[in-house]
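Trainee: In this note's numbering, the protein residues as written are 1 to 304. One structure is given below, represented as structure tokens, and several questions about it will come after.
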């Protein structure tokens, strides 16, 4: 972060609380959105600060955004793919796993950092009024930057391994990313408010993310889940419930975009339509989460 930006943050933290436009002036979701847009410069500063602070004082700096996913890919490929034999049932297993891990990493990074964003910025929250939504939203921005670097690694890996995603299905990339950003951002906004009152929320979030990783078709295929449910004699709605999970849809969309070895039989019918419906529901959930956040934010300064 530049010296100028650091000085601006330092001044904000020592200044008294200013009621420039309190909650009464921000009633309604549209009012909150306008307030965030009015503070977009601050939002940009917070994003840049989060990105730089993540690897502050490290010798390799942003190179860790490349090293982490590569090491994770190697571990999953060797342990799950070769030692446990998962690669024998999935063609181009490396690309399959890496694409799933990349989109899940965006979800995990966004949700975990958003949850602790209000507490992490308690100095600003207590001293000066800004729309509180900028703090979880800045976590979304920094997570997008980090995952963007990993996505470049994924694309490069596809070409290096001889499976370039040169097909129209690569367009599934866009609704997949939007699904993850929408749902992780919505729940991140809500959880960031709850975490102010109950700090256990951030630890519970980590457990949920760990379970979500193994509940998503990343190291196994959707067809394996379909066959397991069918062979167990479970009703069809169980498969529909699993498939229409927004995170599952996002992972499947990323597989369809980058995993060229897969065919239509490897995905549920009407995947694009399912994603559009999930997006519509996601915007409704975002509205509810923002309204809950607005009700909870009144006592942030006292709780912090």
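Ideal placement from N, C-alpha and C gives every residue a C-beta, glycine not left out. Keep in mind the model is a prediction, meaning the values are calculated, not measured.
With residue 205 as the anchor, note down where its alpha helix (DSSP H) starts and where it stops.
Mentor: Here the alpha helix (DSSP H) through residue 205 covers 200-215.
Trainee: Should the region 122-129 be called in touch with the region 226-237, which here means at least 3 C-beta pairs below 8 Å?
Mentor: The count of Cβ pairs closer than 8 Å, one atom from the region 122-129 and one from the region 226-237, stays below three, leaving the stretches out of contact.
Trainee: With the cut-off set at 7 Å, would you say residue 192 and residue 136 are in Cβ contact?
Mentor: yes
Trainee: Given a threshold of 16 other Cβ atoms within 10 Å of its Cβ, counted over all protein chains shown, does residue 103 qualify as buried or as exposed?
Mentor: buried
Trainee: Please specify which runs of the beta strand (DSSP E), each continuous and at least 3 residues long, are wholly inside the region 102-182, giving them in chain order.
Mentor: none
Trainee: Return the chain-ordered list of same chain residues with a C-beta closer than 6 Å to the C-beta of residue 183, the five sequence neighbours on each side being excluded.
Mentor: 246, 282
Trainee: Count Cβ pairs between the region 211-220 and the region 89-108 that sit closer than 8 Å; are there 3 or more?
Mentor: Yes, since at least three Cβ pairs between the region 211-220 and the region 89-108 fall closer than 8 Å, the two stretches touch.
Trainee: For the alpha helix (DSSP H) that contains residue 218, what are its first and last residues?
Mentor: Following the DSSP letters along the chain, one finds residue 218 in no alpha helix (DSSP H), marked with neither H nor E.
Trainee: Could you say which of 100, 153, 132 lies nearest to residue 115 if we only look at CA atoms?
Mentor: 132
Trainee: Let me know if residue 224 comes out buried or exposed under the rule of 16 or more other beta-carbons within 10 Å of its beta-carbon.
Mentor: exposed
Trainee: In the DSSP assignment, find the unbroken alpha helix (DSSP H) run with residue 326 in it and report its ends.
Mentor: Residue 326 falls outside the range modelled here, since the chain spans only 1 to 304, and no answer is possible.
Trainee: Just to confirm, is the Cβ distance from residue 29 to residue 287 under 7 Å?
Mentor: yes
Trainee: Among residues of its own chain, excluding the 5 on either side of residue 47, which ones have a beta-carbon nearer than 8 Å to its beta-carbon?
Mentor: 138, 141, 142, 145
Trainee: Please work out which residues of its chain come closer than 8 Å, Cβ to Cβ, to residue 274, disregarding the five sequence neighbours upstream and downstream, and give them in chain order.
Mentor: 243, 244, 249, 268
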